[in-house]
Each structure stands twice: as structure tokens, then as C-alpha cells.
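Heads up, the sequence shown is in the working numbering, so the first residue is 508 and it goes up one at a time. Read through the structure below, which is laid out as C-alpha cells, and then see the notes.
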Amino acid sequence: MKGIYVSIFLLLSICVSAQQPVNWSYSTRKVSDKVYEIRLTATINSPWHIYSQTTPDGGPVKTSFVFSKNPLVALVDSPKEEGKLIQKHEDVFDVDVKYYENKVVFVQKVQLKAKVKTNISGTVEYMVCNNQQCMPPKKETFSIAIND
């Protein structure tokens with residue numbers, strides 16, 4: 508009997524881990540001579556949601572970005588968020604959380620130190636939940652071409 512429960516648990520774990528509720532896409536937009544917006548778009552499958560960078564500590568893992576050092580690129584401020592921000596108290600964490608459903612665009616401005624073609628790369632860490640479960644935090648790497 509114990510073997511049946513273990514098998515069911517493993518099967519459910521595999522099904523949950525096989526889900527990919529967030530798809531990432533990346534683009535750039537030229538703002539001025541050497542300034543670009545790096546646009547990191549998360550498309551979130553229903554009924555999942557992804558947490559804002561500004562979700563308070565003590566709650567779920569907030570979305571965060573780590574950009575690799577590139578001597579040709581300077582980051583301007585920190586990433587901004589574009590999308591419909593939802594704020595809600597979650598009893599599980601006993602915290603007022605901030606999250607997005609369907610889609611959110613994280614926008615990081617960068618300034619090129621010279622008129623050259625280069626890449627900006629890094630990792631995004633995020634966590635998704637729905638009304639019944641949360642998936643473990645996930646890290647994804649990215650590399651985005653900046654063409655002048």
C-alpha cells in the first residue's frame with residue numbers, strides 16, 4: 508500500500524514539474540543614441556501568477572534579475588514593471604503580496620559605453636503559484652543582443 512502512495516506522489520510531482528506556466532521572451536528598443544530598453548516579457552499561463560520584484564520579504568520568492576558584467580554596458584536604474592499589478596493578502600505567507608497574471612514586462616534601461624554591437628546576459632529567478640499550489644523557484648538564463 509505504501510508503494511502505491513509513493514507512486515502516486517511521484518507521478519503528481521512529475522506532472523507538476525513538467526508544467527511550464529511561464530514563457531519568457533526578450534527584445535530591445537532603442538530610446539536614444541546609446542540608450543536602450545531591455546524588455547523581458549513573462550507570458551503566464553492561467554491560472555498561474557508570478558510575483559513582483561517588490562513583494563515584501565517573508566513571502567514568496569520575488570522576481571529578481573542578475574545581469575552579467577559587460578564593460579560595454581552600464582545599467583540605468585533597476586528594472587521597472589509594466590502590467591496589471593495585483594495586491595492581495597495571502598494567509599499562507601501572512602504577507603500582502605504583489606503579483607501579475609497573464610503577462611508582465613520587466614524593462615531594464617542600459618547605456619552603451621561605445622557605439623558597438625554587444626549582448627547583455629544574466630539570470631532571472633522567479634516563482635509562480637496558483638490558488639492551490641506553488642512551484643519551486645526557477646532560474647533561467649538569457650542573452651539579448653543589443654545592436655547599434
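Cβ atoms here follow ideal geometry from the backbone N, Cα and C, with glycine treated the same way.
Starting from residue i, trace the beta strand (DSSP E) both ways and give me its first and last residue.
i	result
residue 581	580-589
residue 621	Here residue 621 belongs to no beta strand (DSSP E), and DSSP marks it neither H nor E.
Return helix, strand or coil for residue i, following the three-state DSSP convention.
i	result
residue 645	strand
residue 592	coil
residue 599	coil
residue 509	For residue 509, the predicted structure reports a pLDDT of 46, less than 50, and the residue's modelled location is therefore unreliable. A value from the coordinates is still provided. Residue state, collapsed to three classes: helix.
residue 629	strand
residue 575	coil
residue 639	coil
Is the beta carbon of residue i sitting closer than 8 Å to the one on residue j?
i	j	result
residue 633	residue 529	yes
residue 602	residue 565	yes
residue 609	residue 551	yes
residue 618	residue 541	yes
residue 614	residue 570	no
residue 562	residue 612	no
residue 579	residue 620	yes
residue 627	residue 577	yes
Who are residue i's beta bridge partners in DSSP?
i	result
residue 530	550
residue 535	545
residue 570	According to DSSP, residue 570 bridges with nothing at all.
residue 650	628
If residue i sits next to residue j, beta carbons under 8 Å apart, how far is it from one beta carbon to the other, in whole angstroms?
i	j	result
residue 653	residue 624	7 Å
residue 635	residue 531	In fact, because the Cβ distance is near 12 Å, the residues do not count as touching under 8 Å.
residue 616	residue 568	Wrong, their Cβ atoms sit about 25 Å apart, outside the cutoff.
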